[in-house]
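Visitor: Before we start, here is the structure in question, set down as structure tokens.
Numbering (this note's numbering), first residue to last: 2 to 297.
Written out as structure tokens, the structure reads:
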């Protein structure tokens, strides 16, 4: 039974011990939320992608086989809609990231602490594995599929390794930049951010899907690879390229912040954008000033 807190308990709430417990509790809640959110997003998306491939034979699912337009549209729509729904659900709980590349970007711009970013990173990876395992366990393998899960391309289709790398990197940078402008920067349309982010993922899939399988998310590529036990030689692309793409997006974002881009759109957006982010060059300058003052 819960009992009223006495005066000592009230005073203890401001103690370092209470603050540590609160921080640990927040880490746990966000980790669980991000794990479940990532699993829900990828379960819906990968399940729909598997459904889209039901009628395709083993030869049609081969490394060099091309996807027909209806399959591309179905898979792209499934990923876009799944992200819109799950991001909107978890937006106020965890931020609805579901992607280690996005987590990395938010750490770079100072939205996440290193500890929180690492926790979310592993939660997202586990969520990706859980989603792939559920798809494999709950749906039969048909249409010549040996693994029963929706893998990204084991071999790049019609493109070189360099082309595949930059396709994934640029696709990820577009997705991350969308997140930074629509969700991280606060404005009157922030609550609609999941729609814009989901549409961005939809558009990226329409382009990248036939060539790389369109991961733009290490958790999306790693989960099915773990469950199927199939790690192709190009799997590294689906890790390095998204992280590189995140850095590109953050670089452009910081340049815009440095030139105070939001002043140019005040006439368009009737409400002044509210942002608490500080461009990286200002953060470095402020830290330098603080270090000099400390030394003196």
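Positions of the beta carbon are idealized from the N, C-alpha and C atoms, including for glycine.
Can the beta-carbon of residue 224 be found closer than 7 Å to that of residue 133?
Guide: yes
Visitor: Looking at residue 104 and residue 118, is the spacing between their C-beta atoms short of 7 Å?
Guide: yes
Visitor: Could you check if residue 264 is buried or exposed, using at least 16 other CB atoms within 10 Å of its CB as the buried criterion?
Guide: Per the 10 Å Cβ criterion, exposed.
Visitor: May I have the straight-line CA-CA distance separating residue 254 from residue 240, to the nearest angstrom?
Guide: About 22 Å.
Visitor: Report the rounded CA-to-CA distance for residue 1 versus residue 138, giving the unit in angstroms.
Guide: Because the chain here runs from 2 to 297, residue 1 falls outside it and cannot be looked at.
Visitor: Using 8 Å for Cβ pairs, my map puts residue 173 next to residue 112. What's the rounded Cβ distance?
Guide: Not a contact, Cβ separation roughly 17 Å.
Visitor: Mark residue 234 as exposed unless 16 or more other C-beta atoms lie within 10 angstroms of its C-beta, in which case mark it buried.
Guide: exposed
Visitor: For residue 43 versus residue 129, is the C-beta distance shorter than 7 Å?
Guide: yes
Visitor: Taking 7 Å as the threshold (C-beta atoms), are residue 80 and residue 324 in contact?
Guide: Outside the displayed span of the chain (2 to 297) sits residue 324, for which this structure offers no information.
Visitor: How is the alpha helix (DSSP H) around residue 169 delimited, first residue to last?
Guide: 162-180
Visitor: Any heavy atom of the ligand SAM closer than 6 Å to the CB of residue 23?
Guide: Ligands in the displayed structure: none, and consequently the ligand SAM is not present.
Visitor: Determine the closest residue to residue 141 out of 55, 72, 83 and 215, with distance taken between C-alpha atoms.
Guide: Taking only the C-alpha atoms, the option nearest residue 141 is 55.
Visitor: Taking residue 136 and residue 214 to be in contact with their CB atoms under 8 Å, please state how far apart those CB atoms are, rounded to whole angstroms.
Guide: That pair is no contact at about 15 Å.
Visitor: Whose C-alpha, out of 260, 211, 208 and 180, is nearest the C-alpha of residue 97?
Guide: Comparing Cα positions, the closest option is 180.
Visitor: Assign residue 288 to one of two classes, buried (16 or more other C-beta atoms within 10 Å of its C-beta) or exposed (fewer than that).
Guide: exposed
Visitor: Measure the alpha-carbon distance for residue 237 versus residue 219 and round it to whole angstroms.
Guide: 9 Å
Visitor: Can you tell me which of 74, 53, 73 and 94 puts its alpha carbon nearest to the alpha carbon of residue 28?
Guide: When each option's Cα is compared against that of residue 28, the closest is 94.
Visitor: Which runs of the alpha helix (DSSP H) fall wholly inside the stretch 200-240 and span at least 4 residues, in chain order?
Guide: Counting whole runs of 4 or more residues, the stretch 200-240 contains the alpha helix (DSSP H) stretches 219-229.
Visitor: Applying the 10 Å Cβ sphere with the 16-neighbour rule, what's the burial state of residue 252?
Guide: exposed
Visitor: Return the CA-CA distance between residue 78 and residue 208, expressed in angstroms with no decimal places.
Guide: Between residue 78 and residue 208, the alpha-carbon positions lie close to 12 Å from each other.
Visitor: How far does the alpha helix (DSSP H) with residue 78 in it extend, from its first residue to its last?
Guide: Start and end: 70-91.
Visitor: In the DSSP output, what is residue 51 paired with across the bridge?
Guide: Residue 51 is not bridged to any residue.
Visitor: Below 8 Å on the Cβ atoms is my contact criterion, and I expect residue 242 with residue 166 to pass it. Report the Cβ-Cβ distance as a whole number of Å.
Guide: 5 Å
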